[in-house]
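Colleague: The opening residue of the sequence shown carries number 7 in the numbering used here; numbering runs sequentially from there.
Note that the Cβ used here is the ideal one computed from N, Cα and C, for glycine as well.
Pasting a structure here, questions to come.
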Amino acid sequence: MTWLHVARKDFQDAGRSRLLWVLTGLLVLLIAGLSAIPYVLASDGRPAFENGLVFLYSPIGFLIPIVGLIVGYRAIVGERESGSIRFLLGLPNTRRDVLLGKLVGRTAVVAVPTVIGFAVGGLVLALLYEGFAFGAYLGLFAFTVVMGLVYVAIALGVSASVDSRAKALAVVATLYVVVDIAWSFVPMSIYWALERSFPGFENLPAWYLFLERLSPGQALSAISLTLVDFVGAEDIDVTAAGRVAGEVPFYLENWFAWVIVLAWIFVPLGIGYLRFRDATLN
7 MTWLHVARKD FQDAGRSRLL WVLTGLLVLL IAGLSAIPYV LASDGRPAFE
57 NGLVFLYSPI GFLIPIVGLI VGYRAIVGER ESGSIRFLLG LPNTRRDVLL
107 GKLVGRTAVV AVPTVIGFAV GGLVLALLYE GFAFGAYLGL FAFTVVMGLV
157 YVAIALGVSA SVDSRAKALA VVATLYVVVD IAWSFVPMSI YWALERSFPG
207 FENLPAWYLF LERLSPGQAL SAISLTLVDF VGAEDIDVTA AGRVAGEVPF
257 YLENWFAWVI VLAWIFVPLG IGYLRFRDAT LN
């Protein structure tokens, strides 16, 4: 299982480069610090646990994608530029071993600080809020790890596909802007071209909502409702059932968002593997 050796080395290298420690400190400050804000702002008594949990959702959804992309985009192309890829590919490692090992190692670089951050944050929530719900908190943790995996996979696929860090950074940044930040303008523009009016929030055609959900961020928001069970979750991501005109097709149900999320993991990795497999490593 040589991919395991690659993953272990990659994780150890992250620790030696202080990346692991920086991420750990950042996530501890983010989760523990932000979870205390509703308590500080409460005017009377201990607030409900759900108040602290809901307050964490948006910051996590903003930070973890950026962390995953930063952690992943140099994973393979950095080794190619430095020349160390030749040692990494020494027998018995194959290029598939390197890609899989890097995926596991880089995901661990995101997941381990997340575990520590949630452990400290959970202690803060348990001490400051009424009615700590372990299941809901565990669901938010699982959602955070899945989100990290998705964006590490996207960045790793790019890293395996190009031959310089500058190209990898440019592609990753462009992808993030297009498919996350600006993606909502894609279905909106098509709707305007067809209807000569801008879409509202409800009574939308199914194709519009499906196209909107093809963004990794939107798909992850939908699966959060299958993982996190707390008061207010429905207000963070309103389900397609309440927005579509007519009957809800199966591909707009929240469970189908898992298919889109899995596609965002395996498609970039598959493309990256094919390009990396056929690349000449000069």
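For Ser221, which residues in the same chain have their Cβ closer than 7 angstroms to its Cβ, ignoring the five residues on either side in sequence?
Modeller: On the sequence shown, residue 221 is found 215 positions in, with the first residue counted as 1. The answer, listed in chain order, is Val185, Asp186, Trp189.
Colleague: Here's the rule: buried if 16 or more other CB atoms are within 10 angstroms of the residue's CB, otherwise exposed. What is Phe140?
Modeller: On the sequence shown, position 134 is the one that residue 140 refers to. When all chains shown are included, Phe140 counts as exposed.
Colleague: Can you list, in chain order, the residues of its chain with a C-beta nearer than 7 angstroms to that of Pro295? Leave out the 5 residues immediately preceding and following it.
Modeller: The requested residue 295 is not part of the displayed model; the chain covers only 7 to 288.
Colleague: Per DSSP, which residues does Glu136 bridge with? Please list them.
Modeller: Start at 1 with the first residue of the sequence shown, and residue 136 comes out as number 130. Paired residue(s): Ala54.
Colleague: For the alpha helix (DSSP H) containing Gly276, list its first residue and its last residue.
Modeller: For the purposes of this step, residue 276 is taken as residue 270 along the sequence shown, with counting starting at 1. It spans 263-284 - the alpha helix (DSSP H) in which Gly276 sits, taken as one unbroken run.
Colleague: Rounded to whole angstroms, what's the CA-CA distance from Val267 to Ala13? Just pull it up for me.
Modeller: Along the sequence shown, one-based indexing puts residue 267 at 261. Along the sequence shown, one-based indexing puts residue 13 at 7. Spanning the two alpha carbons is a distance of roughly 23 angstroms.
Colleague: Over what stretch of residues does the alpha helix (DSSP H) that includes Asp16 continue unbroken?
Modeller: The sequence position of residue 16 within the sequence shown is 10, counting from 1. Segment 8-22, the alpha helix (DSSP H) holding Asp16.
Colleague: Quickly, what does DSSP pair Leu144 with across the bridge? List them, please.
Modeller: Along the sequence shown, one-based indexing puts residue 144 at 138. Paired residue(s): none; Leu144 is not in a bridge.
Colleague: Can you give me the C-alpha to C-alpha distance between Gly78 and Glu208, rounded to a whole angstrom?
Modeller: Mapped onto the sequence shown, residue 78 falls at position 72. Mapped onto the sequence shown, residue 208 falls at position 202. Pairing Gly78 with Glu208, the inter-Cα distance amounts to about 37 angstroms.
Colleague: Within the region 158-244, note down every full beta strand (DSSP E) run reaching 3 residues or more, in order along the chain.
Modeller: none
Colleague: Val250 by DSSP, collapsed to three states: which one?
Modeller: Within the sequence shown, numbered from 1, the residue matching residue 250 stands at position 244. Here Val250 sits in strand by DSSP.
Colleague: What alpha helix (DSSP H) runs, 4 residues minimum, are completely inside the region 66-142?
Modeller: 83-88, 91-94, 101-134
Colleague: Answer with buried or exposed for Gly127, where buried requires no fewer than 16 other C-beta atoms within 10 angstroms of its C-beta.
Modeller: The sequence position of residue 127 within the sequence shown is 121, counting from 1. Buried.
Colleague: Would Leu162 and Arg112 qualify as a contact pair, given that the criterion is a beta-carbon distance under 8 angstroms?
Modeller: Numbered from 1 along the sequence shown, position 156 holds the residue referred to as residue 162. Numbered from 1 along the sequence shown, position 106 holds the residue referred to as residue 112. Yes, the Cβ-Cβ distance between Leu162 and Arg112 is below 8 angstroms.
Colleague: Figure out for me which residue from Gly145, Leu47, Leu69, Arg102 has the closest Cα to the Cα of Ile82.
Modeller: Position 76 of the sequence shown, counting from 1, holds the residue named residue 82. Comparing Cα positions, the closest option is Arg102.
Colleague: Could you check the C-alpha separation between Val254 and Ser203 for me, to the nearest Å?
Modeller: Here residue 254 corresponds to residue number 248 of the sequence shown, with the count starting at 1. Here residue 203 corresponds to residue number 197 of the sequence shown, with the count starting at 1. Taking the straight line joining both Cα atoms gives about 23 angstroms.
Colleague: Is Val164 near Gly276, with beta carbons less than 8 angstroms apart?
Modeller: Position 158 of the sequence shown, counting from 1, holds the residue named residue 164. Position 270 of the sequence shown, counting from 1, holds the residue named residue 276. The answer is no: Cβ separation not under 8 angstroms.
Colleague: Compute the beta-carbon to beta-carbon distance between Leu36 and Gly123, rounded to the nearest angstrom, for a pair I have assumed lies under 8 angstroms.
Modeller: Translated into the one-based positions of the sequence shown, residue 36 becomes position 30. Translated into the one-based positions of the sequence shown, residue 123 becomes position 117. Yes, they are in contact, since the Cβ atoms of Leu36 and Gly123 sit about 7 angstroms apart, within 8 angstroms.
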